[in-house]
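Encoded as structure tokens, the structure appears first; notes follow it.
Residue numbers (the working numbering), protein chains in the order written: chain A, 123 to 395; chain B, 20 to 268.
As structure tokens, this is what we get:
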């Protein structure tokens, strides 16, 4: 740990990595509770994996892969949301198909680029130590959008997340708000790609929120606690992985999963059988 | 006659399966109507048509003199199967507050997307609604820790907080014990002094002792004053021999 702190004071790349982890924590802390209480982890997984298609296409055509990721995430969110709202039968099959198609497109296009393997691994599993400094602004911008939209429309989104039918009866544009929620989740996925990669995005999106949900009974408090918890766990994961030279993404994910298991056991013990 | 709900020759089917056929129904202001009939007879579908959540393939529906989708914000609805899960992290007061979300929808869809904050007047209404259904003491309790009867009262408060002109309830006492059932219907009787009520129930005899009129539905509609429910009607409604057994609660 001391070694990490010394390195942190010396190396710019480590400072950038830490800031990236903290910025990603804000996004997953704010959006994670919606994913958990609405029980749309599978939908979030579909969006996350479709992103690879956008990144592969962007890389192949020489564009910024993050821009490709952003476009693919938003497109996948709208498509999956539309399927969920209008195609009630075989919804899970279609989301599973989009999940696989996105990945297949991504892998195919990335395979056509020389030296693709390094890129592919870093997108799938993330590498927070390689975040370019200029991307911190992009991440901060995504955080600002997420926090602003949620601050402005939390009541309306809560109404839809809690009870879609009643929200519709109250005159809310449920389809728009549901798709907006999925697009915000898509932005969070893009935010988290550098930290843990798109395969492990679900862990950071859901586990801190699920831990928070074991202790507090309001969505806004869940957001606050999930953000702080995510900041703590990702910092600790980064620090613990530094000295033994382990990849930080999986370390953060395993630490978060461990925290979830311990918290579940502790809260379960307090409950009547 | 001052009709607040009017259905004319309404037919509805889910895909190939007809659920309601040639239904004519007129509900007067301040009426307390019970809707009874066998399972899958179309009772819940009737409520969803009145709410504008479903559109009929045939016929015409008017609620408060307009199309259902234009007037549904003036209706309160308690569903039989609410779409939320009991472990949702929300307390009673917040659920009731959600009954006020988008109240400014007279401004159209864009109006509902303006940032919404609860005013002091809104908080007062929430408190009144909770007091009216006697759940004010549970305001800070998480919904997962409520009994079936308490949860029904919370959903009733959420429907009442926007001061609806018509209240629609779908099997409001399906998951509660007999004492809570009587208490909820006593409460509905009081509410009926200021609003029209339509309540779907499987318990034809129990409902008959409260409501002013019964609509019996099994794909088609047979409307009768409560005094006219006899074995012959029940036989026609359920399609087999069923005896009416009087049971007090």
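We put the beta carbon where it would ideally sit given N, CA and C, even for glycine.
Which chain A residues sit within Cβ distance under 7 Å of residue 96 of chain B?
291
Are there three or more Cβ pairs, one per stretch, closer than 8 Å when the stretch 61-71 of chain B is compared with the stretch 29-44 of chain B?
yes
State buried or exposed for residue 209 of chain A, treating a residue as buried only when at least 16 other CB atoms are found within 10 Å of its CB.
exposed
Proximal chain A residues relative to residue 85 of chain B, where beta-carbon distance stays under 9 Å
Within 9 Å Cβ-Cβ: nothing; residue 85 of chain B doesn't reach chain A, min ~14 Å.
Since residue 244 of chain A meets chain B, which of its residues come closer than 8 Å, beta carbon to beta carbon?
Result: empty, since nearest Cβ-Cβ is about 36 Å, beyond 8 Å.
Environment of residue 127 of chain A [buried if 16+ CB atoms lie within 10 Å]
exposed
Residue 370 of chain A versus residue 319 of chain A - alpha carbon distance:
11 Å
Taking DSSP as the reference, what is the three-state secondary structure of residue 216 of chain B?
strand
With 16 as the cutoff for other CB atoms within 10 Å, does residue 339 of chain A come out buried or exposed?
buried
Residue 200 of chain A (DSSP reduced to helix, strand or coil)
helix
Mind pulling the chain B residues with CB within less than 8 Å of residue 338 of chain A?
108
To the nearest angstrom, report how far apart residue 251 of chain A and residue 286 of chain A are at their CA atoms.
41 Å
Measuring alpha carbon to alpha carbon, tell me which residue in B:57, B:45 and B:138 is nearest residue 219 of chain B.
B:57
Taking buried to mean at least 16 other C-beta atoms within 10 Å of its own C-beta, is residue 380 of chain A buried or exposed?
exposed
Could you name the residues of the stretch 139-165 of chain A whose beta carbon sits closer than 7 Å to any beta carbon of chain B, in the order they occur along the chain?
159
Among A:316, A:283 and A:385, which residue has its Cα nearest to the Cα of residue 138 of chain A?
A:316
Going along chain A, which residues have a C-beta under 9 Å from residue 22 of chain B?
Within chain A, no residue comes near residue 22 of chain B; the closest Cβ sits about 21 Å away, beyond 9 Å.
DSSP three-state assignment for residue 124 of chain B, whether helix, strand or coil
Residue confidence for residue 124 of chain B is low, a pLDDT of 49 falling below 50, so the modelled location carries little weight; the figure read from the coordinates is stated next. Here residue 124 of chain B sits in helix by DSSP.
Please return the same chain residues whose Cβ sits closer than 7 Å to the Cβ of residue 296 of chain A, not counting the five positions on each side in sequence.
282, 286, 289 and 290
Alpha carbon to alpha carbon, what distance is there between residue 310 of chain A and residue 175 of chain B?
37 Å
Kindly list the residues whose CB is nearer than 8 Å to the CB of residue 373 of chain A, restricted to its own chain and excluding five residues on each side of it in sequence; keep chain order.
359, 360, 362 and 363
Using C-beta distances below 8 Å, list every residue in its chain close to residue 45 of chain B, excluding the 5 sequence neighbours before and after it, in chain order.
20, 22, 24, 25 and 26
Taking all protein chains shown into account, decide if residue 388 of chain A is buried (16 or more other Cβ within 10 angstroms of its Cβ) or exposed.
exposed
How big is the Cα-Cα spacing for residue 189 of chain A and residue 178 of chain A?
11 Å
Contact list for residue 335 of chain A against chain B, beta-carbon separation under 9 Å
106 and 108
Helix, strand or coil for residue 185 of chain B? Go by DSSP, reduced to three states.
strand
Please list the partners that residue 281 of chain A has in chain B, where partner means a Cβ-to-Cβ separation under 7 Å.
117 and 120
So what does DSSP say about residue 88 of chain B, is it helix, strand or coil?
helix
Straight-line Cα distance separating residue 147 of chain A from residue 34 of chain B
46 Å
For the stretch 321-328 of chain A against the stretch 194-213 of chain A, are there 3 or more C-beta pairs whose distance is under 8 Å?
no
CB contact flag (residue 222 of chain A, residue 276 of chain A, <9 Å):
no
Alpha carbons only, please: which of B:169, B:32 and B:31 is nearest the one belonging to residue 277 of chain B?
No statement about residue 277 of chain B is possible, as the shown extent of chain B runs from 20 to 268 and does not include it.
Against chain A, with Cβ distances strictly below 9 Å, would residue 134 of chain B count as a contact?
yes
Below 8 Å on C-beta distance, what does residue 285 of chain A contact in chain B?
101, 102, 103 and 117
Does the beta-carbon distance from residue 352 of chain A to residue 150 of chain A come in below 9 Å?
yes
Taking C-alpha atoms, which residue in B:237, B:193 and B:173 lies nearest to residue 113 of chain B?
B:173
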